[in-house]
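Taken in order, the sequence shown gives residues 11 to 310; the numbers are from our numbering. All C-beta atoms, glycine included, are put in the ideal place defined by N, C-alpha and C. A short worksheet on the structure shown next.
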Amino acid sequence: MPKRYLANNESLIKKALYLRLMAEDIAEGMKSGNFRSLYRGQGIEFAGVRDYMRGDDIRTIDWNVTARMGRPYIKIFEEERELQIFLITDSSLSMQLETNSGRRTKYASAAETAALVTIAAELNACPVGAVFFDGAIHFSCEPSLGKEQTMQILNHLDRLPSNPRPGSVLPNAISAAAKVLRKRSLVFVLSDFRSGGWEKPLISLAQKNDVIAVSIHDASDEELPSLGTVVFKDVESGLKMSLPSSSPAFKKEWLSYNEMNQNRWQDFCIKHGIMPVVLDTKTEPVQVLNQIFARKARMR
């Protein structure tokens, strides 16, 4: 049987009314003229046919319809104006790790963020799709409209496989998203980015889509308890190592290493036209999402 995404937190389905109220603000941000204008004119799509009129470009004649109807018809095209959204959400073991801080897990933050975006997309009649993964991809759906799609995504966010696979297939999930997105989309990547190999797929995804990379952060990533020499285990790889957790010099080096990784990730995103966003587990996702859409609107 699948399990709830966090035993000591209300499920997303039970929080649906609260999430819908919070998502209304986000939906307004999506609706803003400056933000929506970013997605206009990205291409053209087929809109139908009409009778040929003198002066029309003969290159637009629809020969199949013309042959069937016995008189010339031309194809009509219009600008693509529909905002399409896609969610890539990490539920690997490092995201599910519970700490003694009393905060939500990183996955709980990611799941609530994804839920808010999904509901906001429904409120704006925007197609939304998703891929969720741990050590394997366990759910994916192409962008689609409607409440049924919203509930499908929320239900999968709310529940995790009872036997999560170790490791992370973030690179595979990004590549899978790139394959199903046939038009330029707004893509959220929600992860702690602790695995490797995601850089090239993310660059490729960002070349044809508008990507927002949300790095989920928890203070326990940098804080080491002073417990002497302690054996730590990496939940992703299973690697064990003994660390001198009480050493001031080691604590300083540990903090410096994590800061360097965070800065490297941020620089990478900026270099490749990806918006980097850090979401701390103590911060309400709705606040960060409102800031994201406000920033996007100013980037016009």
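Asked: Cβ-Cβ separation, Ile-71 to Ile-84 (assumed contact under 8 Å), whole Å; Found: 5 Å
Asked: Separation of Met-40 from Leu-133, as counted between CA atoms; Found: 10 Å
Asked: Helix, strand or coil at Val-75 [DSSP, three-state]; Found: helix
Asked: Delimiting residues of the beta strand (DSSP E) encompassing Lys-277; Found: The identity of residue 277 in the sequence shown is Asp, whereas the question assumes Lys. It is not in any beta strand (DSSP E) - Asp-277 instead sits in the alpha helix (DSSP H) that spans 258-281.
Asked: Beta-carbon proximity check, Leu-180 vs Ser-150, cutoff 8 Å; Found: no
Asked: Which of helix, strand or coil DSSP assigns to Ala-33; Found: helix
Asked: Bounding residues of the beta strand (DSSP E) (the contiguous stretch that carries Lys-250); Found: 250-254
Asked: Run of the alpha helix (DSSP H) containing Thr-123, from where it starts to where it stops; Found: 116-133
Asked: Cβ distance (whole Å) where Val-86 is taken to contact Arg-60 below 8 Å; Found: Reading off the sequence, residue 86 comes out as Ile, not Val. Ile-86 to Arg-60, Cβ: 6 Å. Contact.
Asked: Cβ neighbours of Ser-205 in the same chain (closer than 6 Å, five flanking residues each side left out); Found: Ser-178, Leu-180
Asked: Span separating the alpha-carbon of Ala-146 from that of Arg-175; Found: 7 Å
Asked: Cβ-based burial, Gly-58 [other Cβ within 10 Å; buried from 16]; Found: exposed
Asked: Beta-bridge partners of Met-285, as assigned by DSSP; Found: Ile-222
Asked: C-alpha gap between Asp-231 and Thr-291, whole angstroms; Found: 11 Å
Asked: Exposure label - Tyr-117; buried when at least 16 CB within 10 Å; Found: buried
Asked: For Leu-107, three-class secondary structure by DSSP; Found: coil
Asked: The segment 264-280 contacting the segment 186-195, beta-carbon criterion three pairs below 8 Å; Found: no
Asked: Best match in Glu-122, Met-79, Gly-80 for proximity to Leu-27 [C-alpha to C-alpha]; Found: Glu-122
Asked: Ser-150, enclosing beta strand (DSSP E) - first and last residue; Found: 147-154
Asked: Ser-185 versus Pro-211, Gly-207, Arg-78, Thr-160, residue with shortest Cα-Cα distance; Found: Pro-211
Asked: Contact under 8 Å by Cβ, Leu-167 with Ala-124; Found: yes
Asked: Cβ-Cβ distance between Ile-302 and Ile-222 below 8 Å; Found: yes
Asked: Helix, strand or coil at Leu-196 [DSSP, three-state]; Found: strand
Asked: Thr-160 vs Thr-128 beta-carbon contact at 8 Å; Found: yes
Asked: Residues near Leu-126 by beta carbon distance below 8 Å, same chain, minus five either side; Found: Leu-29, Met-32, Ala-33, Ile-36, Pro-295, Val-296, Leu-299
Asked: Alpha carbon of Leu-289 to alpha carbon of Thr-239, nearest angstrom; Found: 31 Å
Asked: Ala-120, buried or exposed, once every other Cβ within 10 Å from all chains shown has been counted against 16; Found: buried
Asked: For Ser-101, the nearest candidate out of His-282, Ala-216, Leu-170, Gly-283 (CA to CA); Found: Leu-170
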